[in-house]
Amino acid sequence: MLTVAKPKRVASAIFSFTILLYSQVASAALTLPLRSKKGMVVSAHPLASEAGILMLRKGGNAVDAAVATTFALSVVEPFSAGIGGGGFLLMHSEKTGDMKALDFRERAPLKATRNMYLDAAGKVSPNASINGYLAVGTPGTVAGLYEVHRRYGKLSWREVMKPAIALAKDGFILSDMVTWRSLQANDPRKQVVLNNPAAREIFTRNGEFYQPGEKLVQRDLARTLTAIAENPQSFYTGSIARAIASDMVKNGGLISLEDLKAYKPIWRTPVCGNFRKAKICSMPPPSSGGVHLLQILNIIGDTDLKSLGWHHPDAIHLMVEAMKIAYSDRSKYLGDPDFVKVPVQELLSPAYAKKRRQEINMQMARPSTEVKPGDLNSKCLRLPSSSPASSPCLPHESLQTTHLTVVDGEHNAVSLTFTINLIFGAGIVTPGTGIVLNNEMDDFAAAPGVPNAFGLVGNDANSIAPRKTPLSSMTPTIVTENGHFRMAAGAPGGSTIITQVLQVILNVLEYNMDVGAAVSVPRIHHQWLPDELRVESWGLDALTLQDLRRRGHKIKETTPWGNGNAIAVTSDGTLEGAADPRGEGSPRGL
Ligand code: DON
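Residue numbers (the numbering used here): 74 to 663.
The structure is reproduced here in structure tokens:
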């Protein structure tokens with residue numbers, strides 16, 4: 074009954090490319106998918122995947138496994154995601170075909186104000202929304218996990234929390250992970266963590282971060298998780314809430330007992346659209362992920378990418394021009410739907426996709442200054458025309474945030490992405506709790522047109538207001554065919570999440586890759602501003618790069634990004650799961 078084997082990574086030599094002319098593609102290591110008939114969990118950490126598969130072995134369902142994996146990730150990736158942050162969950166019931174979306178993202182505190190990050194001169198204070206107490210949004214992870222488990226879990230709440238408590242109490246061996254490594258060196262956020270006494274105490278030995286190979290024990294976090302196992306409300310109204318609120322008061326933070334008490338996860342209607350014979354459902358606002366994933370697919374429309382060939386310059390060009398359009402619309406229209414009207418239907422209408430498709434010149438890249446958010450108010454869907462916009466180029470963040478994908482024996486599926494935003498969030502641990510607090514407030518537009526840490530710009534729709542949810546790019550996605558589970562995917566990576574998920578889905582649905590190849594092969598990214606086409610170094614061959622440059626794309630070769638995972642079902646009903654080889658995740662199967 075057991076097929077637990079770490080998938081082997083194999084050289085790309087075995088991967089055949091369709092178009093001879095463009096076949097000198099670089100040496101990405103492909104991961105082989107794990108196969109199982111009975112259930113699968115894939116996450117960004119092997120120990121978290123183990124926690125999930127244990128629940129399936131005990132007779133739990135996809136929700137039990139997802140909740141156990143999420144809590145376990147909170148312990149083994151404390152720098153990336155956790156109970157001090159928030160996220161989104163999408164779930165599919167194979168029996169009813171129902172798709173549900175849960176929003177347990179952080180909310181702005183009651184005392185937050187639109188201009189809270191502006192200095193006296195009206196300028197955004199650098200790092201105010203990134204480091205320290207003012208950067209923190211009211212966390213939602215515990216409430217979200219409890220809500221989905223209360224409704225749909227089969228095993229007990231205490232049972233699904235057990236593996237995480239054990240990992241925190243007994244410790245686990247730190248791996249040679251990019252994020253830990255970056256903290257050994259000169260990561261600009263290192264000092265922020267060191268400045269916080271509780272964080273320094275847990276993650277360093279006298280100011281030196283624990284090294285890969287060493288064991289990290291998180292006793293405070295174990296106690297906190299035990300309290301949550303006994304009473305999940307302790308996070309929002311009990312001793313944990315009091316610890317968070319009193320530390321906030323002492324340090325000029327805004328989150329109060331009232332904020333914590335008022336926190337509610339929200340069930341939302343997923344956004345869904347058709348692509349070829351598949352129905353693709355994803356996270357609606359306040360994530361921008363689902364809307365723009367579907368918008369890009371709509372713009373690609375019935376263009377036969379497959380016969381062009383994987384990563385053919387025409388296919389890349391079309392995707393990139395569609396990405397620019399989507400991210401420019403994001404900057405104007407996307408925000409928290411409980412505060413602003415987000416024109417989801419209009420953005421996803423076939424007529425709008427068709428209009429915007431007509432803007433694309435297949436021979437020439439459009440400079441981002443010429444790509445504008447569409448005019449959705451006009452009955453004739455007038456295309457944009459005026460003034461340029463600009464944005465400074467910011468460094469790309471790497472592997473924070475985390476995604477997990479679970480499919481149980483009945484093919485019920487959960488796709489869940491959660492985060493504390495940047496590495497070690499706001500750089501704050503609430504004393505005595507082991508909870509690393511998020512810096513999700515940076516996902517708001519601190520001022521119109523001023524880019525956040527991911528270079529994303531926004532406007533009124535994503536301005537700050539009390540209890541409002543900052544706009545996200547997280548894109549947990551589930552694909553069905555004829556009402557049955559086909560695949561699920563998601564990823565971390567800030568602004569690149571949407572385009573990562575897009576490419577993984579196209580790799581499976583359009584290019585017939587197995588999920589191992591789909592999460593491994595080189596990728597591209599464009600987010601409108603800055604006007605650059607990011608390409609993984611060694612990801613495209615010289616002829617393709619030359620062709621794209623000739624069309625006017627400003628290519629920026631960068632280190633690889635992303636750390637997602639996916640599960641798909643093959644025609645004989647076998648589940649295939651794989652984690653991105655850029656990270657250390659792995660699948661576990663029953
Ligand atoms: O919600 C968002 O879009 C971001 N806070 C996600 C952050 C992230 O993926 C960090 N990873 N590099």
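We put the beta carbon where it would ideally sit given N, CA and C, even for glycine.
Query                                                                                                        : Result
Which of helix, strand or coil DSSP assigns to D320                                                          : helix
Simplified DSSP assignment, three categories, for L648                                                       : strand
Near the ligand DON: Q600 beta-carbon under 7 Å from a heavy atom                                            : no
N485 - containing beta strand (DSSP E), residue span                                                         : Premise fails: N485 is in no beta strand (DSSP E) and is neither H nor E.
Counterpart residues of I501 in DSSP-defined beta bridges                                                    : L510
H165 classed as buried or exposed, judged by whether at least 16 other C-beta atoms fall within 10 angstroms : buried
6 Å Cβ shell around I117 - same chain, five flanking residues per side excluded                              : Position check: residue 117 holds Ala in this sequence, whereas Ile was assumed. So the list reads T475, N636, G656 and G658, once near-sequence residues are dropped.
Pair within 8 Å by beta-carbon distance, V480 and A135                                                       : yes
T492 beta carbon near the ligand DON (any heavy atom closer than 7 Å)                                        : yes
Within 8 Å, strictly: CB atoms of G408 and T490                                                              : no
Contact under 8 Å by Cβ, G280 with T214                                                                      : no
D260: CB within 7 Å of a non-hydrogen atom of the ligand DON                                                 : no
Strand pairing of V115, partner residues [DSSP]                                                              : T478 and P660
Burial state of T548 (16 or more Cβ within 10 Å)                                                             : buried
Exposure label - K397; buried when at least 16 CB within 10 Å                                                : buried
Integer Cβ distance of V487 from L162, believed to fall under 8 Å                                            : 6 Å
Rounded distance between the beta-carbons of K227 and G132, thought under 8 Å                                : 7 Å
Coarse secondary structure for K629, derived from DSSP in three states                                       : strand
Alpha-carbon spacing of N204 relative to T631, whole angstroms                                               : 26 Å
Check whether M356 and A174 have beta carbons under 8 Å apart                                                : yes
Cβ-based burial, A193 [other Cβ within 10 Å; buried from 16]                                                 : exposed
Residues near E394 by beta carbon distance below 6 Å, same chain, minus five either side                     : I433
Residue range of the unbroken alpha helix (DSSP H) whose run includes E554                                   : Unbroken run through E554 is the beta strand (DSSP E), T550 to E554; no alpha helix (DSSP H).
Identity of the residue in G498, I628 and Y219 nearest W71 by Cα                                             : Here the chain covers residues 74 to 663 and nothing more, so residue 71 does not appear.
Host beta strand (DSSP E) of A615 (start-end)                                                                : Element bounds for A615: not the beta strand (DSSP E) but the alpha helix (DSSP H), A615 to R623.
Any non-hydrogen atom of the ligand DON within 7 Å of Q573 CB                                                : no
Any non-hydrogen atom of the ligand DON closer than 7 Å to T474 Cβ                                           : yes
P524: CB within 7 Å of a non-hydrogen atom of the ligand DON                                                 : no
Complete alpha helix (DSSP H) runs within the region 167-231 (minimum length 4 residues, chain order)        : 214-225
Rounded straight-line distance, which links the Cα of L449 to that of Q97                                    : Unreliable positioning characterises Q97 in this predicted model, as indicated by a pLDDT of 30, which lies under 50. The coordinate reading is nonetheless provided below. One C-alpha to the other measures close to 43 Å.
Option nearest V364 by Cα separation, candidates K323, S546 and R315                                         : S546
4 or more residues per run - each alpha helix (DSSP H) lying fully within the region 398-441                 : 417-420 and 423-432
Backbone secondary structure at R262 - three-state DSSP                                                      : coil
First through last residue of the alpha helix (DSSP H) which encompasses K334                                : L330 to A335
Environment of M435 [buried if 16+ CB atoms lie within 10 Å]                                                 : exposed
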